[in-house]
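**Student:** Before anything else, here's the structure in question.
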Amino acid sequence: MTELPDFHPALPEIALALSGLLLLMYGAVRKDAPSRFVGYITVFVLLAVQVLEMTVAPGEGVTFSGLFISDRFAVFMKSLVLLGSALAVLLSFDYHDHEKQERIEYPILILFATLGMMMMISANSLLSLYLGLELQSLCLYVLAAIRRDTLRSTEAGLKYFILGALSSGLLLYGMSLIYGFAGSTEFPVLAEILTASNSHVPVGVIVGLVFMMAGLAFKISAVPFHMWTPDVYEGAPTPVTAFFAVAPKIAAIALFIRVLVDPLGGLVEEWRQVVVAVSLASMILGSFAALAQTNIKRLMAYSSIGHVGYALVGLAAGTPAGVQGVLIYMTVYLFMVVGTFAVILCMRQHDRMVEEIEDLAGLSKTHPMIALAMAVFMFSMAGIPPLAGFFGKLYVFLAAIESGLYTLAIIGILTSVVGAFYYMRIIKFMYFDESHEPLDKWIGRDIAVILAVTGVFTMFFFVYPEPILSAASVAAASLFPGG
Amino acid sequence: MPEAGVLVSGLAFYLFSGWLLAAGVMVVAARNPVHSVLFLILAFFNAAGLFLLLGAEFLAMILVVVYVGAVAVLFLFVVMMLNINFVTMREGFLQYLPVGGLVGLILLVELAFVAGGWAFAPEVTAAAGGASTLIAPSGIMTNTRALGDVLYTQYFYLFQAAGLVLLVAMIGAITLTHRSRTGVRRQDISRQVSRPREESVEIRKMPIGGGI
Chain A
-18 MTELPDFHPA LPEIALALSG LLLLMYGAVR KDAPSRFVGY ITVFVLLAVQ VLEMTVAPGE
42 GVTFSGLFIS DRFAVFMKSL VLLGSALAVL LSFDYHDHEK QERIEYPILI LFATLGMMMM
102 ISANSLLSLY LGLELQSLCL YVLAAIRRDT LRSTEAGLKY FILGALSSGL LLYGMSLIYG
162 FAGSTEFPVL AEILTASNSH VPVGVIVGLV FMMAGLAFKI SAVPFHMWTP DVYEGAPTPV
222 TAFFAVAPKI AAIALFIRVL VDPLGGLVEE WRQVVVAVSL ASMILGSFAA LAQTNIKRLM
282 AYSSIGHVGY ALVGLAAGTP AGVQGVLIYM TVYLFMVVGT FAVILCMRQH DRMVEEIEDL
342 AGLSKTHPMI ALAMAVFMFS MAGIPPLAGF FGKLYVFLAA IESGLYTLAI IGILTSVVGA
402 FYYMRIIKFM YFDESHEPLD KWIGRDIAVI LAVTGVFTMF FFVYPEPILS AASVAAASLF
462 PGG
Chain B
124 MPEAGVLVSG LAFYLFSGWL LAAGVMVVAA RNPVHSVLFL ILAFFNAAGL FLLLGAEFLA
184 MILVVVYVGA VAVLFLFVVM MLNINFVTMR EGFLQYLPVG GLVGLILLVE LAFVAGGWAF
244 APEVTAAAGG ASTLIAPSGI MTNTRALGDV LYTQYFYLFQ AAGLVLLVAM IGAITLTHRS
304 RTGVRRQDIS RQVSRPREES VEIRKMPIGG GI
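Taken in sequence, the protein lines are chains A and B. Taking this note's numbering, the leading residue of the first sequence gets -18, the next gets one more, and so forth. Taking this note's numbering, the leading residue of the second sequence gets 124, the next gets one more, and so forth.
Dropping the structure here:
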């Protein structure tokens, strides 16, 4: 009979899946199992898998009859995703303590969602891409609605579910068209066919490409497929929003890059138009719509739409340098956003969560350290030079200019000026306004640690950026043929 | 006689597809939602018949087992239990018809354009040749067996992934709907069996003509 497939490249995923099953069994048998304990184990598992990813799994490997690929790009993106998920679980503990929302399913669902993301990133065929995406999305729908007693959370879950199902439909339709016209679902075969038939690509493949990009744009919440983002971000419990803003977004961006660069790399002229349009629209809407927001979670939603626009600038370049820019951008984005959400999770008055931007007024007097950290994150998101966010923007815009996309780069810089306005507005509230009602003094230990780590990273990234820059460069090169 | 075989299968095709279309129209047109679901089941059966004619007996079986056996029955339950007033839901139908019809028409024209430009690149047929050899020619192997052959070997990874998706669906359904109620009386067989006679039966002497 057939031989066993080579499990070695997929070892981190297998370990993660088995740990998830074990934790689930533990939770089912021990009904009174403390969810904090399960949460800590989940964090440990995620970090252990991270170590496994970087040490045990080799840089290159294709297994499961070509359905699964592990390359430097996958290792880089999976590391970001694992780190993002682990931080999201850590962020959730205090919230769950306060709101009496301890659910053992919460860390387990995050674990399975992370598994789905890793499968997406390592997809080497349209089929494995879709199954990974669905595993991830299904966990996210449940997480959005996990506070099933509150109307906002269930509404967010339902909206996310319906629009997510719609986007999966678009994605599948595009995939079936590509399969129908190109004759394969495997990425290497597709790449070969589409590069060979560069001059006369069947129109069906182009239509399929557009549908697939629409489906994927939903997942990264790029304009014009962003409608769900503000509602879901606002309605979902804050730690869940923090998770949504980081890990799934990074994984979906990774998927977007892999699909466009690897199998559809031969169609770069065709997809570049779409990426440029989506990127422009995201940057413009992300910055202008955020101006009118009063709720900080909605503001973060529009801010993340804008960030996706900037990241896509690098992808639009379609060069290794551009992809390297995107990878650096997403790394920096991870730390900035986790830090910002850590601050948002500190926003309580009389032991109740508050979400209005005005509630931050006078934070510099009551909580100087938190205000300082928030100021660092906001300046960094705006792209003020020595901070990490500046380097993220620098590399994507450089790549765009090298590829001759001047309009895109100029509009990007202009919109980041607009973006700077609403980031500065938060700083103005914290430093120059009198507080009506100060926030609660107490903040959790986990949150304080995360704030310190992300703040230091964002502030001092420029001192020693070399490891991340070179890792991103190697990862980006591994995607391109001959790299 | 080959002609008779062709004739029968042609007749069967028109019979199945005719019924399928008629049942499909009735699903939308029936006033009573329960009737709609029953017509849907009829449509599923006819589609299964069409699959059989194509020699795809596995798909035919799946259609009957999954769609008729599970999905349609679930629909029927939902329709009966929720008591949705479908008449009021249809009220806006005529109002939205022009816009909806226009969008549908545009999509149809676009699809026609795409179908008109349908052409395989020559490299495609060459590359697809490699993939198509995986599936054994019909006649040697039933397609149920052929599917099983690749599902548990070549597509083992996808099979496992689908299993995880289903597991998550189950966790999600339980997380979102399960409520542990207090004060539920459950049957505990070991307690019932181990209960001694003294705890459950009491013998009293009753005076004649008196109550307890």
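Glycine is no exception: its CB is placed at the ideal position from the N, C-alpha and C atoms. Values in this document were obtained by computation on a predicted structure and should not be read as measured data.
CA-CA distance, residue 295 of chain A and residue 332 of chain A?
**Tutor:** On the first sequence, residue 295 of chain A is found 314 positions in, with the first residue counted as 1. On the first sequence, residue 332 of chain A is found 351 positions in, with the first residue counted as 1. Their backbone Cα atoms lie some 43 Å apart in a straight line.
**Student:** Kindly indicate which residue of A/439, A/422, A/187 and A/61 has the alpha-carbon position closest to the one of residue 360 of chain A.
**Tutor:** As a position in the first sequence, residue 360 of chain A is number 379, starting the count at 1. The residue with the shortest Cα to Cα distance from residue 360 of chain A is A/439.
**Student:** Please confirm whether residue 45 of chain A has its beta-carbon closer than 7 Å to some beta-carbon of chain B.
**Tutor:** To locate residue 45 of chain A, count along the first sequence from 1; it is residue 64. Chain B contact via Cβ: present.
**Student:** Taking Cβ to Cβ, would you say residue 218 of chain A is nearer than 7 Å to residue 279 of chain A?
**Tutor:** Against the first sequence, residue 218 of chain A aligns to sequence position 237. Against the first sequence, residue 279 of chain A aligns to sequence position 298. Not in contact: residue 218 of chain A and residue 279 of chain A (Cβ atoms no closer than 7 Å).
**Student:** Which residues, in chain order, does the stretch 292 to 315 of chain B contribute to contact with chain A at a C-beta distance below 7 Å?
**Tutor:** 292, 294, 295, 298 and 299
**Student:** Checking contacts by CB at 7 Å: is residue 123 of chain A closer than that to chain B?
**Tutor:** Here residue 123 of chain A is taken as the residue at index 142 of the first sequence, counted from 1. So, interface residue.
**Student:** If you draw a straight line from the alpha carbon of residue 223 of chain A to that of residue 401 of chain A, how long is it in whole angstroms?
**Tutor:** Residue 223 of chain A sits at position 242 when you count from the first residue of the first sequence. Residue 401 of chain A sits at position 420 when you count from the first residue of the first sequence. Computed Cα separation, rounded: 21 Å.
**Student:** Could you work out which residues of chain B lie near residue 86 of chain A, taking near to mean beta carbons separated by less than 7 Å?
**Tutor:** The count along the first sequence starts at 1 and reaches residue 86 of chain A at position 105. The contacting residues are 294 and 298.
**Student:** Could you pull the DSSP bridge partners for residue 58 of chain A from this structure?
**Tutor:** One-based indexing of the first sequence puts residue 58 of chain A at position 77. Answer is none; residue 58 of chain A lacks a bridge partner.
**Student:** Answer yes or no: does any C-beta atom of chain E fall closer than 7 Å to that of residue 188 of chain A?
**Tutor:** No chain E appears in this structure, whose protein chains are A and B.
**Student:** Between residue 196 of chain B and residue 297 of chain B, what straight-line distance do the alpha-carbon atoms span, to the nearest angstrom?
**Tutor:** Translated into the one-based positions of the second sequence, residue 196 of chain B becomes position 73. Translated into the one-based positions of the second sequence, residue 297 of chain B becomes position 174. Each residue's alpha carbon lies about 21 Å from the other.
**Student:** Using a Cβ-Cβ distance cut-off of 7 Å, determine whether residue 277 of chain B contacts chain A.
**Tutor:** Against the second sequence, residue 277 of chain B aligns to sequence position 154. Interface residue, yes.
**Student:** Using 8 Å for Cβ pairs, my map puts residue 111 of chain A next to residue 152 of chain A. What's the rounded Cβ distance?
**Tutor:** Position 130 of the first sequence holds residue 111 of chain A. Position 171 of the first sequence holds residue 152 of chain A. In this structure, residue 111 of chain A and residue 152 of chain A form a Cβ contact; the two beta carbons are roughly 7 Å apart against a cut-off of 8 Å.
**Student:** Which residue from A/425, A/415, A/308 and A/369 puts its Cα closest to that of residue 344 of chain A?
**Tutor:** Numbered from its first residue, the first sequence carries residue 344 of chain A at position 363. Among A/425, A/415, A/308 and A/369, the Cα nearest to that of residue 344 of chain A belongs to A/415.
**Student:** Can you tell me whether residue 462 of chain A is buried or exposed, with buried defined as 16 or more other CB within 10 angstroms of its CB?
**Tutor:** Indexing the first sequence from 1 puts residue 462 of chain A at position 481. Result: exposed.
**Student:** Run the proximity test for residue 196 of chain B: is its beta-carbon closer than 6 Å to any non-hydrogen atom belonging to the ligand PLP?
**Tutor:** What this structure holds is no ligand at all, so the ligand PLP is not there to describe.
**Student:** If you pair each beta-carbon of the stretch 279 to 299 of chain B with each one of the stretch 52 to 60 of chain A, do three or more pairs fall below 8 Å?
**Tutor:** Contact between the stretch 279 to 299 of chain B and the stretch 52 to 60 of chain A is absent, with fewer than three C-beta pairs closer than 8 Å.
**Student:** Pull up the DSSP beta-bridge partners for residue 51 of chain A, would you.
**Tutor:** Reading the first sequence from its first residue, position 70 is the one you call residue 51 of chain A. A/42, per the DSSP bridge assignment.
**Student:** In the structure shown, what three-state DSSP assignment does residue 208 of chain A receive?
**Tutor:** Position 227 of the first sequence, counted from the start, is the residue given in the question as residue 208 of chain A. In the structure shown, residue 208 of chain A sits in coil (DSSP, three-state: anything other than H, G, I, E or B).
**Student:** Within 7 Å of any Cβ in chain B, is that where the Cβ of residue 341 of chain A sits?
**Tutor:** Reading the first sequence from its first residue, position 360 is the one you call residue 341 of chain A. False, the Cβ-Cβ gap to chain B never drops below 7 Å.
**Student:** For residue 97 of chain A, which of A/229, A/388, A/143 and A/350 has the nearest alpha-carbon?
**Tutor:** Position 116 of the first sequence, counting from 1, holds the residue named residue 97 of chain A. When C-alpha distances from residue 97 of chain A are compared across A/229, A/388, A/143 and A/350, the shortest belongs to A/229.
**Student:** Examine the Cβ distances between the stretch -2 to 5 of chain A and the stretch 19 to 31 of chain A and report whether three or more of them are shorter than 8 Å.
**Tutor:** Yes: at least three Cβ pairs fall under 8 Å.
**Student:** Output yes or no for whether 7 Å exceeds the beta carbon distance between residue 281 of chain B and residue 108 of chain A.
**Tutor:** Translated into the one-based positions of the second sequence, residue 281 of chain B becomes position 158. Translated into the one-based positions of the first sequence, residue 108 of chain A becomes position 127. Contact flag set, yes.
**Student:** Determine, using beta carbons only, whether residue 280 of chain B comes closer than 7 Å to chain A.
**Tutor:** Taking the second sequence and counting its residues from 1, the one referred to as residue 280 of chain B is at position 157. Answer yes: the Cβ-Cβ gap between residue 280 of chain B and chain A drops below 7 Å somewhere.
**Student:** For residue 167 of chain B, which residues of its own chain have a beta-carbon under 8 Å away from its beta-carbon, when the five flanking residues on both sides are left out?
**Tutor:** On the second sequence, residue 167 of chain B is found 44 positions in, with the first residue counted as 1. If we look at residue 167 of chain B and ignore the five residues flanking it on each side, its Cβ neighbours are 186, 187, 190, 191 and 195.
**Student:** Quick one: what's residue 330 of chain A bridged to in DSSP?
**Tutor:** Taking the first sequence and counting its residues from 1, one reaches residue 330 of chain A at position 349. In DSSP, residue 330 of chain A forms a bridge with A/333.
**Student:** Residues of chain A with a CB under 9 Å from the CB of residue 226 of chain B: which are they?
**Tutor:** Stepping through the second sequence from its first residue, residue 226 of chain B is reached at position 103. Going along chain A, no residue has its Cβ under 9 Å from residue 226 of chain B, so there is no contact; the nearest lies around 15 Å.
**Student:** Between which two residues does the alpha helix (DSSP H) containing residue -11 of chain A stretch?
**Tutor:** Within the first sequence, residue -11 of chain A is the residue found at index 8, counting from 1. Taken as a continuous stretch (DSSP letters only), residue -11 of chain A belongs to no alpha helix (DSSP H), as it is neither H nor E.
**Student:** Under 8 Å: do the stretch 119 to 134 of chain A and the stretch 167 to 175 of chain A share three or more Cβ pairs, one atom per stretch?
**Tutor:** With the cut-off at 8 Å, the stretch 119 to 134 of chain A and the stretch 167 to 175 of chain A do not touch.
**Student:** Any beta carbon from chain A within less than 7 Å of residue 232 of chain B's own beta carbon?
**Tutor:** The sequence position of residue 232 of chain B within the second sequence is 109, counting from 1. So, not an interface residue.
**Student:** Which whole-angstrom value is the C-beta distance of residue 113 of chain A and residue 285 of chain B, which I expect to be below 8 Å?
**Tutor:** In the first sequence, counting from the first residue as 1, residue 113 of chain A sits at position 132. In the second sequence, counting from the first residue as 1, residue 285 of chain B sits at position 162. That belief does not hold up - the Cβ atoms of residue 113 of chain A and residue 285 of chain B are roughly 11 Å apart, past 8 Å.
**Student:** Quick one: list the residues of chain B neighbouring residue 100 of chain A, beta-carbon separation under 8 Å, in chain order.
**Tutor:** Reading the first sequence from its first residue, position 119 is the one you call residue 100 of chain A. Ordered by position in chain B, the residues that pass the 8 Å Cβ test against residue 100 of chain A are 284.
**Student:** So, for residue 362 of chain A: in the same chain, excluding its five sequence neighbours on each side, which residues have a beta-carbon less than 6 Å away from its beta-carbon?
**Tutor:** Sequence index remark: in the first sequence, residue 362 of chain A carries index 381 (1-based). Residues 317, 370 and 404 of the same chain have their beta carbon placed closer than 6 Å to that of residue 362 of chain A, with the five preceding and five following residues left out of the count.
**Student:** With 7 Å as the threshold, decide whether the Cβ of residue -6 of chain A is near any Cβ in chain B.
**Tutor:** For the purposes of this step, residue -6 of chain A is taken as residue 13 along the first sequence, with counting starting at 1. It does not: the Cβ of residue -6 of chain A has no partner Cβ on chain B nearer than 7 Å.
**Student:** Three-state secondary structure (DSSP) at residue 477 of chain A?
**Tutor:** The question about residue 477 of chain A has no answer here: the residues shown for chain A are numbered -18 through 464.
**Student:** May I ask you to list the residues that DSSP assigns as paired with residue 167 of chain A?
**Tutor:** Locating residue 167 of chain A in the first sequence gives position 186, where the first residue counts as 1. Note: residue 167 of chain A sits in a beta bridge opposite A/106.
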